[in-house]
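S.K.: Handing you this structure, nothing more for now.
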Amino acid sequence: MKTLIKNLFTFLSITIILFAIISFIGNLFIIDTYSLNSTNSKQIKLNNININYKEFGENGSPILLIHDFFQSSKDFDNIANELSINHKVVSIDLIGFGLSDKDSDIDYSKKNMAFICNSLMNYLGYTNYSVLGHSEGGEVALNLCLDFQNNINKLILVNSSGYESISKSNIPGFIMKPLYLNYPVQLLKYSFQFFHKKTLDYDIFEENLYNNLNLSTKSIEKIFKMNDTNLIKDNIKNIQIPTLIIWGIKDSTIPLDFAYNFKNDIVNSKLIFIENCGHFPFIESPTLFVNEVNKFL
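With the UniProt record's numbering, letter number 157 in the sequence shown gets 157, and the count goes up by one each step, no holes.
Take a look at the structure:
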């Protein structure tokens, strides 16, 4: 028995060490070889926080694109170019992500993120605009609609969270960062969210990982502990804004029930399923996605 325990301990120790080495090499590869693509990127300071954003197009009704957590505006670059043919497109890096500030003293609540999003659009001269939010970015968009309903023309939710409370993580940031923000774990997580693996965009993946590695352990800990979903889920029924719900039906990240919940709770809403797509329908099926958005807007 002692020999078995000893062998098991040795095996686990070697496995952990190998995993740490692979993670370190993967992260080092990203840092050493990644070249930042900052096309269309601009920065402004709002409430003493540097906010990175991109603008596409010159004319048409304005729409704000809000990405998922641990993602960035890079997610939307391809569809932003297509949407900009008919619309003025603004794509933001939420605080903590992309090239926006990541300080540990920032309020990372979705309510504050919504406030910053609205402040950005007002700064750019848009008092009325539409908003598209993906996953946890959809929750930020929902907060926008609840707090600034007179400013929002139309809402688009894409595989959005907003109902189920996510358990807070009590794991210290100095442990969470190497365990979670490393190349193999993040690549596995990213690929798991796609139905068609061949549509994975490695440029998006590597840019987002590169930027996420700049998060401090304290900021990571704060983001994981922040859980304000419960603050809005009972108020979603109060949203009167015309809403389009787009759902990659093969999503393994957000429960399909959420799509029906949004459809039932938001009175003026339409639900569209995109077949054979996972959590990122705008990457897996961009043409169909853009067509549906354009028809709605």
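Even for Gly, the Cβ is constructed at its ideal location relative to N, Cα and C. Please read these numbers as outputs of a predicted model, since none were measured by experiment.
#1: Should P62 and Y129 be called a contact, given that it needs their Cβ atoms to be closer than 8 angstroms?
#2: With three or more beta-carbon pairs closer than 8 angstroms as the criterion, would you say the stretch 288-295 touches the stretch 67-84?
#3: Give me the Cα-Cα distance between I106 and N230, rounded to the nearest whole angstrom.
#4: Is it buried or exposed for L179, if we count other Cβ within 10 angstroms and need 16 for buried?
#5: I'd like to know whether the C-beta atoms of K88 and L297 end up nearer to each other than 8 angstroms.
#6: Using 8 angstroms as the cut-off, can you tell me whether the stretch 266-281 makes contact with the stretch 245-257, which would need three or more C-beta pairs spanning the two stretches below that distance?
#7: By the DSSP assignment, the beta strand (DSSP E) with T243 in it spans what residues?
#8: In chain order, which alpha helix (DSSP H) runs of at least 4 residues are fully inside the UniProt domain "AB hydrolase-1" (62-171)?
#9: Using C-beta distances below 7 angstroms, list every residue in its chain close to S104, excluding the 5 sequence neighbours before and after it, in chain order.
#10: Identify which residue in Q71, D68, I85 has its Cα closest to the Cα of E55.
#11: Name, in chain order, the residues that DSSP records as bridge partners for Q43.
#12: What would DSSP say about K270, mapped onto helix, strand or coil?
#13: When the Cα atoms are used, what is the spatial distance from S119 to L187?
#14: With a 10 Å radius around its C-beta and 16 neighbouring C-beta atoms as the bar for buried, classify G125 as buried or exposed.
#15: Ends of the alpha helix (DSSP H) at N212?
#16: Among D147, D265, G133, which has the Cα closest to the Cα of F282?
#17: Using 8 angstroms as the threshold, is the C-beta distance between I66 and G162 below it?
#18: Give the straight-line distance between the Cα atoms of Y260 and F70, rounded to the nearest whole angstrom.
#19: From the DSSP output, in three-state form, read off I239 for me.
#20: Between the beta-carbon of L64 and the beta-carbon of I95, is there less than 8 angstroms?
#21: How close, in whole Å, do the beta carbons of K42 and Y53 come, if the pair is a contact with beta carbons under 8 angstroms?
#22: Thinking C-alpha only, which one of S160, V185, V90 is nearest F205?
#23: Do F262 and S135 count as a contact pair if the criterion is CB distance below 8 angstroms?
M.R.: Reading off the structure:
#1: Counting from one through the sequence shown, the residue named residue 62 turns up at place 62. Counting from one through the sequence shown, the residue named residue 129 turns up at place 129. For P62 and Y129, yes; Cβs fall inside 8 angstroms.
#2: yes
#3: The residue given as residue 106 occupies position 106 in the sequence shown. The residue given as residue 230 occupies position 230 in the sequence shown. In a straight line, the C-alpha of I106 is about 21 angstroms away from that of N230.
#4: Here residue 179 corresponds to residue number 179 of the sequence shown, with the count starting at 1. Exposed, since its Cβ has fewer than 16 Cβ neighbours within 10 Å.
#5: Start at 1 with the first residue of the sequence shown, and residue 88 comes out as number 88. Start at 1 with the first residue of the sequence shown, and residue 297 comes out as number 297. The answer is no: Cβ separation not under 8 angstroms.
#6: yes
#7: As a first step, residue 243 must be located in the sequence shown, where it is residue number 243. Residues 243-248.
#8: 77-83, 110-123, 136-147
#9: Walking along the sequence shown from the start, residue 104 turns up at place 104. Answer for S104: S216, K218, S219, K222, listed in chain order.
#10: The residue you call residue 55 lines up with position 55 of the sequence shown. Comparing Cα-Cα distances from E55 to each of Q71, D68, I85, the minimum goes to I85.
#11: Your numbering for residue 43 matches position 43 in the sequence shown. For Q43, which the question treats as bridged, DSSP gives the partners N52.
#12: Within the sequence shown, numbered from 1, the residue matching residue 270 stands at position 270. In this structure, K270 counts as strand in the three-state DSSP scheme.
#13: Numbered from 1 along the sequence shown, position 119 holds the residue referred to as residue 119. Numbered from 1 along the sequence shown, position 187 holds the residue referred to as residue 187. The straight-line gap from Cα to Cα measures roughly 34 angstroms.
#14: The residue given as residue 125 occupies position 125 in the sequence shown. The residue is exposed, with fewer than 16 neighbouring Cβ atoms inside 10 Å.
#15: Numbered from 1 along the sequence shown, position 212 holds the residue referred to as residue 212. Element bounds for N212: 202-212.
#16: Counting from one through the sequence shown, the residue named residue 282 turns up at place 282. Checking every option, the nearest Cα to that of F282 belongs to G133.
#17: For the purposes of this step, residue 66 is taken as the residue at position 66 of the sequence shown. For the purposes of this step, residue 162 is taken as the residue at position 162 of the sequence shown. No, the pair does not count as a contact, with Cβ atoms beyond the cut-off.
#18: What you label residue 260 is simply residue 260 of the sequence shown in a count that begins at 1. What you label residue 70 is simply residue 70 of the sequence shown in a count that begins at 1. If I take the Cα positions, the gap works out to 26 angstroms.
#19: The residue labelled residue 239 in the question sits at position 239 within the sequence shown. Residue state, collapsed to three classes: coil.
#20: On the sequence shown, residue 64 is found 64 positions in, with the first residue counted as 1. On the sequence shown, residue 95 is found 95 positions in, with the first residue counted as 1. No, the pair does not count as a contact, with Cβ atoms beyond the cut-off.
#21: Reading the sequence shown from its first residue, position 42 is the one you call residue 42. Reading the sequence shown from its first residue, position 53 is the one you call residue 53. Rounded, the Cβ-Cβ distance is 6 angstroms, consistent with contact.
#22: The sequence position of residue 205 within the sequence shown is 205, counting from 1. If we check each option's Cα against that of F205, V185 comes out closest.
#23: Residue mapping note: residue 135 aligns to position 135 of the sequence shown, counting from 1. Residue mapping note: residue 262 aligns to position 262 of the sequence shown, counting from 1. No; because the gap between Cβ atoms is not below 8 angstroms, this pair is not in contact.
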